[in-house]
Amino acid sequence: MNCDKTEKISEMIDGELSPEETEELSQHIENCALCESARNDFLFFREQIKSLAEVSPSSVRQNTEQGLWKRFFKKRLEISFPVPVFALSLVIISVLGLWAWSVSRKDSPGKSVTEKQIQKNNSSDSQNIAETSLARFDGGGRAEIYTVKNQSVDGSAKQPGGVK
Amino acid sequence: MGLNHQEIAAIFNENYTGLCRFLESLLGKTGEAQEIAQDCFLRLCRAGYEEIPTAEIRFWLFRVARNLALDELRKEQTRFKFRDLTAKIFSAKISSPEEKLELSQMQKEIRDLLKFLPEYQRSTLLLREQEEMSYREIALVLNVSEAKVKVDIFRARSSLRDEWQKRQKK
Chain A
1 MNCDKTEKIS
11 EMIDGELSPE
21 ETEELSQHIE
31 NCALCESARN
41 DFLFFREQIK
51 SLAEVSPSSV
61 RQNTEQGLWK
71 RFFKKRLEIS
81 FPVPVFALSL
91 VIISVLGLWA
101 WSVSRKDSPG
111 KSVTEKQIQK
121 NNSSDSQNIA
131 ETSLARFDGG
141 GRAEIYTVKN
151 QSVDGSAKQP
161 GGVK
Chain B
165 MGLNHQEIAA
175 IFNENYTGLC
185 RFLESLLGKT
195 GEAQEIAQDC
205 FLRLCRAGYE
215 EIPTAEIRFW
225 LFRVARNLAL
235 DELRKEQTRF
245 KFRDLTAKIF
255 SAKISSPEEK
265 LELSQMQKEI
275 RDLLKFLPEY
285 QRSTLLLREQ
295 EEMSYREIAL
305 VLNVSEAKVK
315 VDIFRARSSL
325 RDEWQKRQKK
């Protein structure tokens with residue numbers, strides 16, 4: 001059972017009332033057994049709650065220093081790249097790499113694709129060079145420049161000068 | 165402007181013990197309190213000290229601590245259900261390390277009484293009694309109005325009182 005001013009007592013012990021209100025309530029408490037009992041009980045529970053969980057500073061320090069760094073790096077790993085995702089990524093990359101390698105092996109047993117292309121280019125280029133020679137010396141030592149029609153072996157037009 | 169190493173260490177020294185104390189009383193056990201308190205500081209590192217005004221860092225820490233404790237309490241409810249079910253099936257007593265923690269009789273009773281309160285009343289009362297925060301500061305931490313803080317504290321105290329008297333009569 002409470003008095004109608006009991007709620008104000010809760011505010012008073014928390015220092016949330018003005019000085020005038022505090023003074024007025026203090027005088028009321030002197031004449032009200034219910035409010036006096038409530039104030040005493042509220043202060044009792046305050047002391048008991050404060051005494052709970054008295055954490056020893058040395059144990060806190062020790063646990064913290066060991067715990068904080070461990071948790072910091074663990075958390076960073078978990079956030080940046082969870083282990084199962086990492087393992088799965090490795091597996092996928094390995095499988096893709098093996099597949100790509102096996103495909104490239106199927107296309108050109110013996111010579112690589114690049115080597116074949118270079119050989120083909122070289123044979124057509126030597127043909128071009130012979131046809132596009134720009135300077136010839138005729139009998140009197142005069143240099144005559146002949147513009148030669150640039151035709152490749154297969155008849156398609158190519159740039160003069162060729163390759164190599 | 166960011167905080168330097170000394171300022172960060174100062175924040176830690178000022179608040180860590182209080183956080184642990186608050187969490188232990190809120191959770192009713194010691195096991196997870198320090199882990200959650202450490203989590204709060206890790207989150208502060210990630211959030212960036214520059215983002216939070218220096219004067220509000222303390223309230224930010226307690227707010228995060230309370231939210232993490234709520235998550236832990238929800239998980240615990242699930243664990244307890246599973247634990248009870250398992251105990252029934254296997255007819256074995258499963259005890260937690262927290263049950264083995266020795267406390268004085270009075271402290272045990274107070275912890276029991278606190279558990280009896282709804283979580284929001286418990287949080288409010290603990291911030292007031294242990295951390296000596298004003299109603300305005302508690303309202304900042306819990307993201308509620310001062311009027312609600314005032315009412316919750318009064319109701320928490322009244323409930324503790326009523327329950328205490330009931331147990332004394334038994």
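Keeping their order, the protein sequence lines are chains A and B. My numbering applies: residue 1 is where the first sequence begins, and numbers increase by one. My numbering applies: residue 165 is where the second sequence begins, and numbers increase by one. Quick reminder that beta carbons are idealized off the backbone N, C-alpha and C, glycines included.
Identify, in the order they occur along the chain, each residue of the same chain with its Cβ nearer than 7 Å to the Cβ of residue i, setting aside the five sequence neighbours on each side.
i, result
"A/S58", "For A/S58, the pLDDT reaches just 44, beneath the cut-off of 50, and the residue's location in the model is therefore unreliable, leaving the point undetermined."
"A/L96", "none"
"B/A229", "L183, F186, L187, I200, A201, C204"
"A/H28", "K5, C35"
"B/I302", "T288, L291, R292, V313"
"B/N179", "R222, L225"
"A/R39", "I9, I13, I29"
Just to confirm my understanding: we take residue i, look at its own chain, exclude 5 residues before and 5 after, and list those with CB closer than 8 Å. What are they?
i, result
"A/L17", "K8, E11, L25"
"A/C32", "C3, K5"
"A/I93", "none"
"A/V103", "none"
Taking residue i as part of the alpha helix (DSSP H), name the residues at either end of that continuous run.
i, result
"B/N307", "B/N307 -> no alpha helix (DSSP H), and no H or E assigned at all."
"A/P19", "19-31"
"B/T181", "169-191"
"A/K5", "It is not in any alpha helix (DSSP H) - A/K5 carries neither H nor E in the DSSP assignment."
"B/Q149", "In the structure displayed, chain B extends from 165 to 334; residue 149 of chain B sits before or after that span and is not available."
"B/E124", "One cannot answer for residue 124 of chain B here, as it falls past the ends of chain B, which runs 165 to 334."
"B/L278", "269-280"
Contact defined as beta carbons within less than 8 Å: I believe residue i pairs with residue j. What is the distance between those atoms, to the nearest angstrom?
i, j, result
"B/L304", "B/S287", "With 8 Å as the limit, B/L304 and B/S287 do not qualify as a contact, their Cβ atoms being about 13 Å apart."
"B/S189", "B/L277", "About 11 Å; that fails the 8 Å criterion."
"B/R275", "A/L52", "7 Å"
"B/I216", "B/I175", "The pair is not a contact, with the Cβ atoms about 10 Å apart (cut-off 8 Å)."
"A/K50", "B/E293", "6 Å"
"B/L191", "B/A233", "6 Å"
"A/D41", "B/R325", "5 Å"
Can you list, in chain order, the residues of its chain whose CB lies under 6 Å from that of residue i, leaving out five sequence neighbours each side?
i, result
"B/F226", "V305"
"A/G140", "Its pLDDT being 47, under 50, A/G140 is placed unreliably in this model, and the value from its coordinates should be taken loosely. Here the set comprises nothing."
"B/Y271", "The displayed chain sequence assigns Gln, not Tyr, to residue 271 of chain B. Closer than 6 Å at Cβ, skipping near neighbours: no residue."
"B/F280", "E327"
"B/E196", "E236"
"A/S56", "Caution is warranted here: a pLDDT of 43 is assigned to A/S56, below 50, making its placement in the model unreliable, and no coordinate value can be reported."
"A/D154", "Legend: pLDDT at A/D154 = 48, less than 50; position of this residue unreliable, no value from coordinates given."
"B/W123", "Since the first residue of chain B shown is 165 and the last is 334, residue 123 of chain B is not available in this structure."
"A/T22", "M12"
Segment contact, 8 Å Cβ cut-off, at least three pairs: the region 309-328 of chain B with the region 4-12 of chain A: Touching, yes, given that three or more Cβ pairs across the two stretches are closer than 8 Å.
Cβ-based contacts, 8 Å cut-off: residues of the region 285-308 of chain B near chain A: Within the region 285-308 of chain B, the residues whose Cβ lies closer than 8 Å to some Cβ of chain A are L289, L290, R292, E293, Q294, S298, Y299, listed in chain order.
Touching by the beta-carbon criterion (3+ pairs, under 8 Å), the region 198-207 of chain B and the region 178-188 of chain B: Touching, per the Cβ criterion.
Against chain A: residues of the region 173-191 of chain B by CB proximity under 7 Å: From the region 173-191 of chain B, only Y180, T181, C184, R185, E188, S189 have a Cβ closer than 7 Å to chain A.
Residues within the region 307-321 of chain B neighbouring chain A, beta-carbon criterion of under 7 Å: Within the region 307-321 of chain B, the residues whose Cβ lies closer than 7 Å to some Cβ of chain A are K314, I317, F318, R321, listed in chain order.
Members of the region 23-51 of chain A near chain B, C-beta cut-off 8 Å: Closer than 8 Å at the C-beta level to chain B, one finds these residues of the region 23-51 of chain A: A38, D41, F42, F45, R46, Q48, I49, K50, S51.
Contact list for the region 8-22 of chain A against chain B, Cβ threshold 7 Å: Along the region 8-22 of chain A, the positions whose C-beta sits under 7 Å from a C-beta of chain B are S10, E11, D14, E16, read in chain order.
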